[in-house]
Every structure is written in structure tokens, then in C-alpha cells.
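Student: Dropping the structure in here first, questions after.
In my numbering, the protein residues as written are 1453 to 1712.
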């Protein structure tokens, strides 16, 4: 997964880790001691469900968008607390003393982040919290709306046909002297090329091919980009991919070729 927003992850290294019979790409912080990294890998290998959950959260644009939205709201609330501490503190105190929210605050204080995340994933509960806090502040609504409309990942930008985002990414990678990671997969194992083909974004597809996208990449079900073109009835796209050398007899995990 390639996230479009600038992050501090440039120093992180990618390592393949065998988890539950699958080779998963995990980010390795070079600042971690070797024993810390080994302990972390052992934890992920012993808890494959948790590893897969973390992988999806870091590659699923819907999860990333939700996290960014929650962070935007929290940042605005934090500013409100700094500007009007007494009023904000009263609202927080009232929430904490309400039996309906007692469990959430208890887990928050105990740093039980998995349980806190479960509460935060409850739309009904978060809606109640928002109403008690006076609704989502206007500044937060503006930020959330921008997050909702902006492609989160490069895969999503290619799906939306946002060729400018792809061009900017390629230019920035070239300027920085690093390889453009256009073949990265999301939580479904789909690459930028797969999304561009599936959404019939010919201009994006052509730019990806000019940038030497790996046409042999398959999704979690073994489908190639040509499988997508055929499945969605993209005749022009299929003809273009065949002209680029994609194999019409390539089989997915179910044994089907693009022609099946």
C-alpha cells in the first residue's frame, strides 16, 4: 500500500514475515533493537488474526480514512480544550460519569487499546459521544469532508482515475531518487494497475505501463489485471493489455483464465 499523504515512514524498511502460511510484508523500524523486532515478529506469528487485522488497517483506505477523520476531530477538540478548558472538561466529566460510557473510559484509562478501538468502531456510540460534546465542530467537519473526497492511497487514486496524483507521486519519487512503489498491494492484494484496469481508467493504465508496472502481480485470489478487464467487460482495456504481453491463459486460484 502506498499512502499519498506525506508520513514519517521513509526510514521504515519492509520485510517479508511468514505468518500462518502466508508471506506478509511488515514494516520494520530500524530504530528497534534486534530483540525487539524478533519479539514483535514472534507476537505476530503467534497471533495471525491480529497480524491480519493490523495489515488490513494499514492498507485498507476505508480504515485509514476513518483513522484520519477521528484524528482530525480529536485535534479540533484538543484545541477547544486548550481554548476553553473549563467548558470542555465539564463535558468530558459528564460523559465519564454516565454509566453508558463508563466502560469505554475505564478501558481508556487502563490503556486497553483493543477494547477502546472496539468502542470507537461503534457508529451509534460515537454518534452519542458527538452529540454530548455538542456535535462535530465546524472545523472538524471541513477537515473530514476533505479527507472523504481525497484519495487516501495510490491504489485508490488510480481507481478514481486521478492521473494527477499518480503523476505527482512518480515525479516526487524521481526527484527523491527512489523507486516508485507502484506495484504495492492493498489489503485485497490489488495493485494500482489492477484498480485502474477494473475501473476502466485507460489513461492511468497507460501511464502505469509506461512506468513499468509489474503485470505478473496477482490479487489474493490469483487474479491478474487481465482477469479484471475480462470480468468487467472492458474490451478496449483487454486488447491493450494483450498488446502489452499479458497472458490470456493465466489461471487464478480457482483455475479460471480471463477467457473463462
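We treat Cβ as the ideally placed atom computed from N, Cα and C, and that holds for glycine. Since the model is a prediction, treat every value here as computed from it, not as a measurement.
Quick check on residue 1698: does DSSP put it in helix, strand or coil?
Tutor: The answer is coil: DSSP assigns residue 1698 none of H, G, I, E or B.
Student: So, with DSSP's three-state summary, where would you put residue 1469?
Tutor: Here residue 1469 sits in strand by DSSP.
Student: Take the Cβ of residue 1495 as the centre, count every other Cβ of all protein chains shown within 10 Å, and call the residue buried at 16 or more, exposed below.
Tutor: So residue 1495 ends up on the exposed side.
Student: Give me the Cα-Cα distance between residue 1602 and residue 1594, rounded to the nearest whole angstrom.
Tutor: Taking the straight line joining both Cα atoms gives about 12 Å.
Student: Among 1559, 1643, 1622, which one has its Cα closest to the Cα of residue 1631?
Tutor: Checked all of 1559, 1643, 1622; the closest Cα to residue 1631 is 1622.
Student: Inspect the beta-carbon positions of residue 1671 and residue 1640 and report whether they are closer than 7 Å.
Tutor: The answer is yes: Cβ separation under 7 Å.
Student: So within the region 1636-1709, which uninterrupted alpha helix (DSSP H) runs reach at least 4 residues, ignoring any that extend past its ends?
Tutor: Here the runs fully enclosed are 1644-1650, 1654-1662, 1677-1683, 1687-1695.
Student: In terms of residue numbering, what span does the alpha helix (DSSP H) encompassing residue 1632 cover?
Tutor: Note, residue 1632: premise wrong, no alpha helix (DSSP H); not H, not E.
Student: Below 8 Å on the Cβ atoms is my contact criterion, and I expect residue 1680 with residue 1650 to pass it. Report the Cβ-Cβ distance as a whole number of Å.
Tutor: Correct: roughly 4 Å between the Cβ atoms.
Student: Given that a residue counts as buried once 16 or more other Cβ atoms are within 10 Å of its Cβ, and exposed if not, what is residue 1513?
Tutor: Answer is buried; the Cβ neighbour count reaches 16.
Student: Any contact of the region 1646-1661 with the region 1685-1697, i.e. 3+ C-beta pairs under 8 Å?
Tutor: At 8 Å Cβ cutoff, the stretches touch.
Student: In the structure shown, what three-state DSSP assignment does residue 1602 receive?
Tutor: Reduced to three states, the DSSP call for residue 1602 is coil.
Student: So which of 1659, 1658, 1634 has the shortest CA-CA distance to residue 1666?
Tutor: Nearest C-alpha to residue 1666: 1634.
Student: Under a Cβ-count criterion, where at least 16 other Cβ atoms within 10 Å of its own Cβ denotes burial, should residue 1646 be classed as buried or exposed?
Tutor: Result: buried.
Student: If you measure between the beta carbons of residue 1599 and residue 1517, is that distance less than 7 Å?
Tutor: Closer than 7 Å, so yes.
Student: Consult DSSP for residue 1485 and reduce its assignment to one of helix, strand or coil.
Tutor: Note: residue 1485 maps to coil in three-state DSSP.
Student: Just verifying my parser: in three-state terms, what is the DSSP assignment at residue 1547?
Tutor: Three-state result, residue 1547: helix.
Student: Going by DSSP, which residues form a beta bridge with residue 1505?
Tutor: DSSP, once it has assigned bridges, lists no residue as partnering residue 1505.
Student: Taking all protein chains shown into account, decide if residue 1608 is buried (16 or more other Cβ within 10 angstroms of its Cβ) or exposed.
Tutor: Classification for residue 1608: buried.
Student: Taking all protein chains shown into account, do 16 or more other C-beta atoms lie within 10 angstroms of the C-beta of residue 1457, making it buried, or fewer, making it exposed?
Tutor: For residue 1457, the predicted model reports a pLDDT of 39, less than 50, meaning its position is unreliable; a value from the coordinates is still stated below. Its Cβ having fewer than 16 others within 10 Å, residue 1457 is exposed.
Student: What does the Cβ neighbour count give for residue 1523, buried or exposed, with the cut at 16 atoms within 10 Å?
Tutor: Classification for residue 1523: exposed.
Student: Can you give the Cα-Cα distance for residue 1589 and residue 1606, rounded to whole angstroms?
Tutor: When rounded, the distance between both Cα atoms is 29 Å.
Student: My output table needs one value for residue 1476: the three-state DSSP class, helix, strand or coil.
Tutor: If DSSP states are grouped into helix, strand and coil, residue 1476 belongs with the strands.
Student: For residue 1548, I'd like the list of residues in its chain whose CB is within less than 7 Å of its CB, leaving aside the five on either flank, ordered along the chain.
Tutor: Once the five neighbours on either side are set aside, the close Cβ partners of residue 1548 are 1557.
Student: When burial is assigned at 16 or more other CB atoms within 10 Å of the CB, is residue 1467 buried or exposed?
Tutor: By the neighbour-count rule (16 or more Cβ atoms within 10 Å), residue 1467 is not buried but exposed.
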